[in-house]
Amino acid sequence: MKILILFAHPAFQKSNANRVLVKDIKKIEGVTFHDLYEEYPEFDIDIKREKELLTQNDVIIFHHPMFWYSTPAILKEWQDIVLEHGWAYGMDGDALKGKLFFNAITAGGPRQAYDKEGLHSNDINDFLAPIRQTAILCNMIPLPPFVVYGTHGIIREDLDNYKNNYFQLLNNLCEDNIDIEKMKEELGFILGEKPGIELDYRQETLLLEDGKTPKKIIVVPKRIVNIVV
Ligand SMILES: Cc1cc2nc3c(=O)[nH]c(=O)nc-3n(C[C@H](O)[C@H](O)[C@H](O)COP(=O)(O)O)c2cc1C
0 MKILILFAHP AFQKSNANRV LVKDIKKIEG VTFHDLYEEY PEFDIDIKRE KELLTQNDVI
60 IFHHPMFWYS TPAILKEWQD IVLEHGWAYG MDGDALKGKL FFNAITAGGP RQAYDKEGLH
120 SNDINDFLAP IRQTAILCNM IPLPPFVVYG THGIIREDLD NYKNNYFQLL NNLCEDNIDI
180 EKMKEELGFI LGEKPGIELD YRQETLLLED GKTPKKIIVV PKRIVNIVV
């Protein structure tokens, strides 16, 4: 599968987390890294070009830091003007049909802050509901987000681990190693449609890092290893 990463960071020169995450990302065969703020500093998004890029790829990723429980501004503008009626959705709007979609996010808040009892009072999937539903309306298959939590205090080793996991996920997707049909078959639903379920693309040993038992599914190439709900 071919992957389009729509990257949005308005102050990349000051970035710590995303700088590590995206280093060498362009070298992954099958990945198109598209930096929206770099391409369109004046927000003059080229709709035709964006549509072409979307059409040429099978997996669409919104990669961005969490800003006010949402995306940086250019990604909202991008959605507003690129996802046109009659093309992305609505009658005959099937240009994106069957493509996989998910967010790759860095969040300042730690994992435990994104919880009913935590500082942000909600799971990160709750905040992503409008984006997930947009993907569904556009006939895409939503996958749960890839999230780097706690970027404020993160140590380099953890960041490197996240980066390795992200690259592993991208490679798995490129090589068609993630079997969506099998997930559907085993779980009985399309993963990203169920808020509260989080895909853990990492190794099993890292699952319980925060001492809790969150709702997680571990996915490795071609099979589901474990589901904890
Ligand atoms: C305008 C703004 C809004 C932010 N909103 C959130 C937020 O809603 N939730 C959160 O966890 N972190 C929030 N943060 C923190 C960023 O997500 C965090 O700094 C970023 O992911 C770190 O990535 P970087 O090192 O690549 O910049 C916000 C930061 C800024 C500047």
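Per numbering that gives the first Met the number 0, residue 0 is the first one in the sequence shown, and the count goes up by one each step. Yeah, the Cβ is synthetic: ideal placement off N, Cα and C, and Gly gets one too. On a predicted model such as this, the values are computed, not experimentally measured, just so you know.
Residues sharing a beta bridge with residue i, DSSP
{"i": "I153", "result": "Paired residues: none, contrary to the question."}
{"i": "S14", "result": "Answer is none; S14 lacks a bridge partner."}
Cβ shell of residue i (< 7 Å), same chain only, five flanking positions each side left out
{"i": "H8", "result": "S14, N17, Y36, H63, P64, P71"}
{"i": "G117", "result": "Q111"}
{"i": "P129", "result": "none"}
{"i": "L127", "result": "N102, P144"}
{"i": "Q78", "result": "T133"}
{"i": "H151", "result": "G107"}
{"i": "Y68", "result": "F126"}
Proximal residues to residue i (C-beta, below 6 Å), its chain only, five neighbours per side dropped
{"i": "F100", "result": "I59, A134, M139, P141"}
{"i": "H33", "result": "L5"}
{"i": "I104", "result": "M65, P144, V146"}
{"i": "I153", "result": "none"}
Expected contact under 8 Å - CB spacing of residue i and residue j to nearest Å
{"i": "P143", "j": "N124", "result": "7 Å"}
{"i": "T54", "j": "A94", "result": "6 Å"}
{"i": "I2", "j": "L169", "result": "6 Å"}
{"i": "V19", "j": "D159", "result": "7 Å"}
{"i": "E76", "j": "I44", "result": "6 Å"}
Nonlocal neighbours in the same chain, by C-beta distance under 8 Å from residue i, ignoring five residues either side
{"i": "C173", "result": "M0, K1, I2, I27, E28, G29, V30"}
{"i": "D175", "result": "M0"}
{"i": "K115", "result": "N121, D122"}
Does the contact criterion of 3 or more C-beta pairs under 8 Å hold for the stretch 78–90 versus the stretch 128–141? yes
Three-pair Cβ contact test at 8 Å for the stretch 22–34 versus the stretch 163–170: yes
Could you pull out every unbroken beta strand (DSSP E) segment of at least 3 residues lying fully inside the stretch 26–59, listed in chain order? 30–34
Extract the residue ranges of the alpha helix (DSSP H) inside the stretch 93–135, only unbroken runs of 4 or more that lie entirely within it. 123–126
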